[in-house]
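Chemist:
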Amino acid sequence: MDMNEETSESRKLKCDDTSKCFQLLESILDGEIDNSKEVLKEKLAKCQPCFEHFHLEQAIRDVLKTRCTKQEVPTELADCIRQKIQEIK
Amino acid sequence: MSEVQRRKYSQEQKNAIFDGEFMPNIDSMYNFAYRLTFDEDDAKDLVQDTYLKAYRFINSFEQGTNAKAWLFRILKNSFINEYRKKSKQPAKVDYQEVETYYNSDDVDYQSTTDLRAESVKGMLGDEISNALNSLAVDFRTVIILCDLEGFTYEEMAKILDIPIGTVRSRLHRARNLLKDKLKGYAQHMGYDTDEEEN
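If you're matching them up, the sequences are chains A and B in order. Its first residue numbered 1, the first sequence is counted upward by one per residue in this note's numbering. Its first residue numbered 1, the second sequence is counted upward by one per residue in this note's numbering.
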């Protein structure tokens with residue numbers, strides 16, 4: 001989702017209700033709101049604080065997902081579990 | 001995730017569920033366990049205990065429902081009930097303790113930092129990981145479930161046995177705490193933040 005294309009000139013610098021807006025933006029980023037594309041587009045085009053909050057929250061989610069590397073699973077773990085299951089079968 | 005309705009699976013069905021639906025989640029399970037315990041042996045024990053319990057209570061699992069969420073719930077409960085008591089890890093700040101400072105589901109969504117998206121994007125995996133690991137376990141947990149594992153609020157509510165409203169507010173607080181940590185790194189590393197500019 002690239003919202004950087006929009007120019008910032010038309011955005012208001014103060015958000016009328018950051019509490020409500022930020023909660024909505026965070027829910028959208030978490031995939032909890034259906035058909036959110038239009039609402040999001042309008043918000044980000046019109047409000048600078050919303051625009052900034054959205055991009056920061058999005059960046060944080062992105063780095064968490066892509067850079068918190070998965071811990072390598074010890075190779076013997078799966079075998080060990082299967083063996084224990086055999087014993088209680 | 002209902003545990004009331006019990007089924008009676010045949011041995012063959014049990015094996016199929018275990019191999020087809022439970023075992024494929026072992027990577028995510030181990031990762032979750034490791035991020036809870038910070039210890040390889042403890043994480044292995046926790047995952048193994050979880051799988052043994054899952055097998056023992058397999059008749060409580062409804063085939064076709066979300067096996068990963070079901071397993072995560074067992075792992076989380078095992079961690080709270082058994083592991084935490086014998087933890088090698090010194091007790092960190094508990095969520096209950098933290099909660100007294102924020103004693104409701106109402107969250108102030110205005111509390112933002114001047115951290116910038118650009119400086120977050122420039123951070124290394126270790127910095128992100130350390131910031132996440134430094135959070136109290138209940139805050140860490142919601143971020144792992146949501147951002148690393150992709151669970152929905154509803155699934156998280158079931159895994160954690162808390163209302164959806166609490167999931168939402170806890171996540172928001174967790175992310176705010178994470179932002180504070182990241183802001184600290186950003187300033188330390190000389191990344192661009194508003195504070196330095198002013």
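Ideal Cβ positions, reconstructed from N, Cα and C, are used throughout, including at glycine.
1) Pull up the DSSP beta-bridge partners for A/Cys47, would you.
2) Quick check: the segment 11–19 of chain B against the segment 46–66 of chain A, are there 3 or more CB pairs under 8 Å?
3) Please confirm if B/Thr37 has its CB atom under 8 Å from at least one CB of chain A.
4) Just to confirm the assignment, what range does the alpha helix (DSSP H) spanning B/Val167 have?
5) When Cβ atoms are compared, which residues of the segment 37–49 of chain A fall closer than 7 Å to chain B?
6) Could you check if A/Thr18 is buried or exposed, using at least 16 other CB atoms within 10 Å of its CB as the buried criterion?
7) Determine the direct distance from the alpha carbon of A/Lys89 to that of A/Ile60, and round the result to whole angstroms.
8) Taking only the alpha-carbon atoms, compute the straight-line gap between B/Asp161 and A/Ser10 and give it to the nearest angstrom.
9) Using only the alpha-carbon positions, how far apart do A/Ser36 and B/Leu171 sit?
10) Please report how far the alpha carbon of A/Val73 lies from the alpha carbon of A/Cys15, in whole angstroms.
11) Identify each residue in the segment 163–175 of chain B for which the Cβ-Cβ distance to at least one residue of chain A is less than 8 Å, and report them in chain order.
12) Under 8 Å between C-beta atoms, does B/Thr141 make it to chain A?
13) Is the number of C-beta pairs between the segment 17–32 of chain B and the segment 119–136 of chain B that are closer than 8 Å three or more?
14) Along chain A, which residues have their Cβ under 9 Å away from the Cβ of B/Gln228?
15) Report the option in B/Asp39, B/Ser134 and B/Leu71 whose CA atom is closest to the CA atom of B/Phe18.
16) Please determine, among B/Ala131, B/Asn59 and B/Ala186, the residue with the shortest C-alpha to C-alpha distance to B/Tyr9.
17) Given a cut-off of 8 Å, decide if B/Ile128 and A/Leu29 are closer than it, judged by their beta-carbon atoms.
Modeler: With the given structure in hand:
1) Taking the first residue of the first sequence as position 1, residue 47 of chain A is located at position 47. A/Lys12.
2) no
3) Residue 37 of chain B sits at position 37 when you count from the first residue of the second sequence. It does not; no Cβ of chain A falls within 8 Å.
4) Here residue 167 of chain B corresponds to residue number 167 of the second sequence, with the count starting at 1. Ile164 to Met189 is the extent of the alpha helix (DSSP H) around B/Val167.
5) none
6) Here residue 18 of chain A corresponds to residue number 18 of the first sequence, with the count starting at 1. A/Thr18 is buried by the Cβ-count criterion.
7) Taking the first residue of the first sequence as 1, we reach residue 60 of chain A at position 60. Taking the first residue of the first sequence as 1, we reach residue 89 of chain A at position 89. For A/Ile60 and A/Lys89, the distance between alpha carbons rounds to 45 Å.
8) Sequence index remark: in the second sequence, residue 161 of chain B carries index 161 (1-based). Sequence index remark: in the first sequence, residue 10 of chain A carries index 10 (1-based). Whole-angstrom Cα-Cα distance: 44 Å.
9) Your numbering for residue 36 of chain A matches position 36 in the first sequence. Your numbering for residue 171 of chain B matches position 171 in the second sequence. So the two alpha carbons sit approximately 20 Å from each other.
10) For the purposes of this step, residue 73 of chain A is taken as the residue at position 73 of the first sequence. For the purposes of this step, residue 15 of chain A is taken as the residue at position 15 of the first sequence. If you take the alpha carbons of A/Val73 and A/Cys15, they lie about 46 Å apart.
11) Arg168, Leu171, His172 and Arg175
12) Numbered from its first residue, the second sequence carries residue 141 of chain B at position 141. B/Thr141 does not count as touching chain A.
13) no
14) Absent from the model: residue 228 of chain B. The displayed extent of chain B is 1 to 198, so no value can be given.
15) The sequence position of residue 18 of chain B within the second sequence is 18, counting from 1. Nearest of B/Asp39, B/Ser134 and B/Leu71 to B/Phe18, Cα basis: B/Leu71.
16) As a working note, residue 9 of chain B is residue 9 in the second sequence. It is B/Asn59 whose Cα lies nearest to the Cα of B/Tyr9.
17) As a position in the first sequence, residue 29 of chain A is number 29, starting the count at 1. As a position in the second sequence, residue 128 of chain B is number 128, starting the count at 1. Against a cut-off of 8 Å, the Cβ pair of B/Ile128 and A/Leu29 comes out as no contact.
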